[in-house]
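In what follows, a single structure is set out as structure tokens and then discussed.
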Amino acid sequence: MTNGPLIVQSDKTLLLEVDHDQAEACRRAIAPFAELERAPEHVHTYRLTPLGLWNARAAGHDAEQVVDVLLEYSRYPVPHALLVDVADTMSRYGRLQLIQDPVHGLVLHSLDPAVLAEVIRSRRTAGLLGTQLDDTDVIVHPSERGHLKQVLLKLGWPAEDLAGYVDGEAHAIALEQDGWHLRPYQQQAVDGFWHGGSGVVVLPCGAGKTIVGAASMARSSTTTLILVTNTVSARQWRDELVKRTTLTEDEIGEYSGARKEIRPVTIATYQVLTTRRKGVYTHLELLDARDWGLVVYDEVHLLPAPIFRMTADLQARRRLGLTATLVREDGREDEVFSLIGPKRFDAPWKDIEAQGYIAPADCVEVRLTLPDAERMAYATAEPEDKYRLAATARGKNKVVEHLVAQHTDDQVLVIGQYLDQLHELAEHLDADLITGETRVSERQRLFDAFRNGEIHKLVVSKVANFSIDLPEASVAIQVSGSFGSRQEEAQRLGRIMRPKSDGKTAHFYTVVARDTVDQDFAAHRQRFLAEQGYAYTIVDAEDLLADRGELERD
Amino acid sequence: MATFTGYLRARSDDELVALLRLRPDLAAPSPSTLSSLAVRATSRSSLDRALASVDAGVLQVLEAVVALDESGQVSAAQVVRAVAGHDDAASVAAVEASLRSAQERALVFPEDTAPDAALHPSPGLPEALGPYPAGLAPVDHHRAVHPPTDPDVVRALLDDAPAGARQVLDALTWGPPVGLSPSPGSPSATAVTWLLRHGLLVPGDNRHVLLPRAVALTLRGGRTHRRPATAPPLPSDAVVRPEALVAAESAAAGERAARLVARLTRSWEQSPPPVLRAGGLGVRELKRTASLLELDEGEAAFVVELAGAAGFVADDGEEVPSFVPTVAVDDWWGQDVAERWAALARTWLTSPRAAWLVGTRDERSALRAALDPELVRAWAPRLRATVLGTLADAGRGVVLTAPQVLEVLRWRTPRSVPPTSAVEAVLLEAGRLGVLGAGALSDAGRALVAGDDAAAALAAALPAAVDEVLLQGDLTGIVPGRPSAALEDLLDRTARVESRGGAVTVRFTADSVRAALDAGATADALLAELASHARGPVPQPLDYLVRDAARRHGRLRAGAAASYLRADDPALLAGLVDDPRFADLGLVALAPTVLVAQGSTRELVEALREAGLAPVAEGPDGQVLHLTPEVRRVGRRGAAAARRRAADAAAVVGPQEALPADRLQALVPRLRRADEDRSAPAPTPVTPGRQAKATTAGTADPAGALVLLREAAAERAPVWVELVGPQGLTEKRLLRPVLVEGGRVRAVDPAREAELTIAVHRIASVTREEESP
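So the protein sequences, as listed, match chains A and B. Be aware that the first sequence starts at 1, since it is given in the UniProt record's numbering, and climbs by one per residue. Be aware that the second sequence starts at 1, since it is given in the UniProt record's numbering, and climbs by one per residue.
The following block contains the structure:
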């Protein structure tokens, strides 16, 4: 029995004691194959999942290494059944390979005839496979490459895609590193992606995912299609690319609801791609409009289902997914794995924060006791109205006002879900408001003013959840959200985590109504924060306001 | 010729003790003389038992002795030669050892004490070994044809044999010695006919031919067996596990098994599951238990059976029976983990319960339930001991699969090889219990098999207990090792376990904290207790959670009341609470305008009316109810039942359709005749009490006795009843039958003022009181 930092549980969780001398070495050793599930202060929990183990196989690790790492760092003898299971699971990856045959084209090649026989017999592969050439090879219809990979993953025999990629139309792109440099982890991410061919890079918000995208484009030097969540984000990508690369505005096209430009580098929104008229996707031709050499998916964890289907047809092109979290509220992590590719790079938030690339954050939950009248209204409300009632409690205005007053020197974002509440708050705080109804140009103007420090508070709806770069924001106050979405919490936290010029700590407040569903949802989201290693404290609104005598009961 | 009894008589005391130890069935119940010992030792059942316990080597020797004995005198040397051949010294030694073992068991015995004395199988052994010992045909001394036995003659005969004759003999040489006669005209028919004519085969029944024993032995070159059976070597592919791993997994499994049984009994003491009519635990209850213990049903059945075998749960015998923990479990809970485990492991090892059969179907295709009384297999303890013994012999850390164990058992006890499924089940159960760790016998398991201190062995393998929990901001806590008893108890009360293994991960939730508060803890006490076990301070979110839960705890109050009284006038109600006239109603003021009472609404209203007040009753919707005097009715179902009962009664006593007159006329004389036959005086004197009285006043005829008893019960009249007691003695008592039903009579004994129930078959006679002597 060693005195290692790792405890291996029979339910396949790994507990890493972070205060241990060997914790850092152990973390590095297990990171390639274990998914970090939560990272609170003392013990981090990792989990061994088939996807994680296959990711490790895709990255060139084998079962023996995994077993060795577990045995080396484990404090107690490792359950024997678990080691067998690890070896068994890992051996399933790569027994099937998709290869390019000079004569027959795309072929599914098996290192084990029995596996191929099982796969061919399965009802799910019907129509995806063509003629069987021999015991180990069967022709695959090129159009079904993506679909087949999805099916094989579901069957538990994930295929290694060695069929390569089309080169795509060449287009010179280079990084212009004047006054800034690619950070080491960004370089590692690009290398990891390029080496693997296709896949997903996981970086926290604020860690410079756009730059990883730009650097990958420079490495590829081909025409590129970038898929982003919305128009504002598209414009930010364009600005960033102009700033960081040799690309000029003329070379970059925007394909959105407003504009339909197709240029060597085209940035399209998910929304326009998924627009349907009479049941037909009207903008699908974009995907084939040019011979794209690289497809970049921003915020891959939000990728809508129709885009997955379209992506299944893009398997011959290099694909880069960028995201802050692989957690999908809809549980489609396996589709990301099979259609975009395995995880190629991952760095925990805390690490990057420790390196000074993202700001540390202090998370506080303020619990507000509702006045009796509102409690009564809440108690008798229909279930579907309860969240809205609790989330928009009037008392929250006072708390927000107080918090904003505490941070007069900071750039403050107030984020909410319900427009009425936001209008009221904007009025109350004498701040500008951005919602989905605000025109794009007006949004741009306000964001610019906020960035320049002309205004220091801004009330925003959920449009600001994603991909809006507001580096100077250092305080976020969340008054209502989409129920218990952990992903949204990550995004909102990400808003304030760009490193500050003065190295200040960011503050993240959540105002919730006590003893309501609002509190329950908040608990779910906080669990995410705590699991990410952000300690949070809970404060009673009464205590917060008491020192200023502001508490009144109506 | 020496006799078997004589042989036994000549044994020394030590040798006889050894015999009784090797064949325990000979000693219990103890035989009275050596002759009776000899009789028992040669009985078929004892021989079968003895054969079931010998290994393949001994069995070969026995077969050889039986086979050679019938062909003449057989010495030990001949037996050794017939089994082992000449060359191999090791085989010869092994066979000699087997022969000694056979003699120790009194399965063969020598003519006298000379070293080359002839050996005899003990009487009955040839029959017990079956018709073809060592694949040789029985010797038929009455047959006219004597088959050639000289090898040269046989060889010479075979040289002249037609084609196919040799193949026929080859097929039968090593047994079984019976072949199907070929149909006439088929190619081998000629060969067989030729062989029959020359005595190399003899006809069996009309469809078969036999290879005579002497010919077979000649063809075998004088051997009875191709090669001596030797113990199979350790399988070369057997996995050997590191001892630390075996110890750790065994300890983890053992601790887990003890915890599961504790958890099961804790749960059943609160909500005991009902007992099926056939005596087991229903499928649905098993499913519920499985989900409670977070196990699959197979393992849940094992845990339930283990608790049952240990006597920790039992049928409580109530009118609606349930499985309830017994007092035995209280003592067990008081022990430490290792002792608890050892108690369970010993129970398991010696239990005849076959838990692995739960969920399978019996011969009537009924599902076998856990705790079903039928689920007893007397051989189960022996099987467990055998399987574990095999593992123990295989060496430390060696993992044997079920087929590998069977391979060994096939040599060790070839006459009683257990079914594969049972061996698999034993291995699985042993793994679940921690007798095995990672598939190999652990030190604790070894101690268990050897009867040593298994608890100490397990305690040595358990990791040191940790008394510290790491509390974290995400409301989880982690014990980095095996929690100490105090810590385990604290976490059990306050948190929910998320994962177990080398460490324990728990999560604190509003519900788990509330449960602790429900059990009487306060927020401060709880936090202090957590802090005393925590490394570092209690994180703020956890502190907040506990305090918040305490704040919300008990805001709603519940209680029992039978009725309520409300009024808009607080003064009116205030006067009632202390009014002595209403003391019986148990009035309590919940609020100025609401009282609750322990009496029913009717009692409340009536009492108030009597006191001159004017209450009205109201329904759940607040509507006024007019309480009219209570009128009682039996419901529809009751009415239907009453109708049915009335109809049944009518069917018994009511006017039936009479038989046709002619049949009645024929019947009456017959009855009279029968009556006269009976009343004729008995030819021999009988004891007065047992005399059969042939009048309606008394009878020993069982049917008649029942009639008399029923009549007496109906008339509530006493009768003399002659009872046969447990010792076969009869006694006569004056009883008043109350009910005659289902083969039993319930009666009152007025003299002893007691009620008793008598099985009808114990009643020798019944006599009316006035007729009695």
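Where is the CB? At the ideal position from N, CA and C, for every residue including glycine.
- Following the continuous alpha helix (DSSP H) through Gly6 of chain B, name the residue where it begins and the one where it ends. 4-10
- Determine the contact status of Val92 of chain B and His225 of chain B, defining contact as a CB-CB distance below 8 angstroms. no
- Message: Between B:Val398, B:Arg736, B:Pro147, B:Ala430, which has its C-alpha nearest Ala380 of chain B's C-alpha?
- Response: B:Ala430
- Grab me the residues of Thr326 of chain B's own chain with a C-beta within less than 8 angstroms of its C-beta, minus the 5 sequence neighbours each way, in chain order. Gly311, Phe312, Val313, Ala314
- Query: The beta strand (DSSP E) spanning Trp720 of chain B covers which residue range?
  - Reply: 719-724
- When the distance is taken between beta carbons, is Leu427 of chain B closer than 8 angstroms to Ala402 of chain B? yes
- Under 9 angstroms by beta carbon: chain B residues contacting Ile7 of chain A: Ile478, Pro480, Gly481, Gly501, Gly502, Ala503
- Complete runs of the beta strand (DSSP E) confined to the region 188-238 of chain B [at least 3 residues]: You should have 208-210.
- Does the region 259-267 of chain B come close enough to the region 291-311 of chain B that 3 or more CB-CB pairs lie under 8 angstroms? yes
- Residue from B:Ala89, B:Ser188, B:Leu22 whose Cα sits closest to the Cα of Leu107 of chain B: B:Leu22
- Task: Buried or exposed for Glu160 of chain A, please, with buried defined as at least 16 other CB atoms from any protein chain shown within 10 angstroms of its CB.
- Result: buried
- Query: For Arg482 of chain B versus Ala456 of chain B, is the C-beta spacing smaller than 8 angstroms?
  - Reply: Not in contact: Arg482 of chain B and Ala456 of chain B (Cβ atoms no closer than 8 angstroms).
- Message: Against chain B, which members of the region 523-542 of chain A pass a CB distance test of less than 7 angstroms?
- Response: Flagged, chain order: Arg527, Ala530, Glu531, Ala535, Tyr536, Thr537, Ile538.
- Going by C-alpha distance, which of B:Arg396, B:Ser416, B:Thr420, B:Gly334 is nearest Val405 of chain B? For the residues B:Arg396, B:Ser416, B:Thr420, B:Gly334, the minimum Cα distance to Val405 of chain B belongs to B:Thr420.
- Give the DSSP-derived three-state secondary structure of Asp88 of chain B in the structure shown. coil
- Task: Name the one or two DSSP bridge partners that Thr323 of chain A has.
- Result: A:Val202
- Using 10 angstroms around the beta-carbon of His761 of chain B, count the other beta-carbons present and answer buried if the total reaches 16, otherwise exposed. exposed
- Message: My assumption, with CB atoms under 8 angstroms, is that Thr266 of chain A sits in contact with Ile307 of chain A. Please give the rounded CB distance.
- Response: Thr266 of chain A to Ile307 of chain A, Cβ: 15 angstroms. No contact.
- Query: Between which two residues does the alpha helix (DSSP H) harbouring Tyr378 of chain A extend?
  - Reply: Note, Tyr378 of chain A: alpha helix (DSSP H), 372-380.
- Counting contacts by CB-CB distance shorter than 8 angstroms, is Val232 of chain A in contact with chain B? no
- Is Ala189 of chain A closer than 8 angstroms to Val212 of chain A when the C-beta atoms are compared? Against a cut-off of 8 angstroms, the Cβ pair of Ala189 of chain A and Val212 of chain A comes out as a contact.
- Query: Any idea if Leu590 of chain B is buried or exposed, counting beta-carbon neighbours within 10 angstroms, 16 or more meaning buried?
  - Reply: With fewer than 16 Cβ atoms within 10 Å of its Cβ, Leu590 of chain B is classed as exposed.
- Message: Once the 5 residues before and after Met90 of chain A are set aside, which same chain residues still bring their CB inside 6 angstroms of it?
- Response: Leu53, Arg57, Ala63
- Candidates A:Leu148, A:Trp180, A:Leu294, of which the one nearest Trp194 of chain A by Cα: A:Leu294
- Task: Within 10 angstroms of the Cβ of Asn55 of chain A, are there 16 or more other Cβ atoms? Answer buried if so, exposed if not.
- Result: The residue is buried, with at least 16 neighbouring Cβ atoms inside 10 Å.
- Could you have a look at His181 of chain A and say whether DSSP puts it in helix, strand or coil? coil
- Should Lys396 of chain A be labelled buried (16 or more other beta-carbon atoms within 10 Å of its own) or exposed? Label assigned to Lys396 of chain A: buried.
- Grouping DSSP H, G and I as helix and E and B as strand, with all else coil, what is Thr505 of chain B? strand
- Query: Going by beta carbon distance, what residues of the same chain come within less than 7 angstroms of Gln97 of chain A, once the five residues before and after it are set aside?
  - Reply: His109, Ala159, Glu160, Leu162
- Query: Touching or not, the region 179-194 of chain B and the region 149-169 of chain B, by the rule of three or more beta carbon pairs under 8 angstroms?
  - Reply: yes
- Message: I'd like the ranges of any beta strand (DSSP E) spanning at least 3 consecutive residues and lying wholly in the region 122-196 of chain A.
- Response: 129-132, 137-140, 159-161
- Item | Below-8 angstroms beta-carbon distance, Pro204 of chain A vs any chain B residue | no
- Item | Alpha-carbon spacing of Gly331 of chain A relative to Leu322 of chain A, whole angstroms | 17 angstroms
- Query: In the DSSP assignment, what residue or residues form a beta bridge with Asp315 of chain B?
  - Reply: B:Phe323
- Query: What does Gln540 of chain B touch in chain A if you count any residue whose Cβ is under 9 angstroms from its own?
  - Reply: Ala535, Tyr536, Thr537, Ile538
- DSSP state of Tyr357 of chain A mapped onto helix, strand, coil: coil
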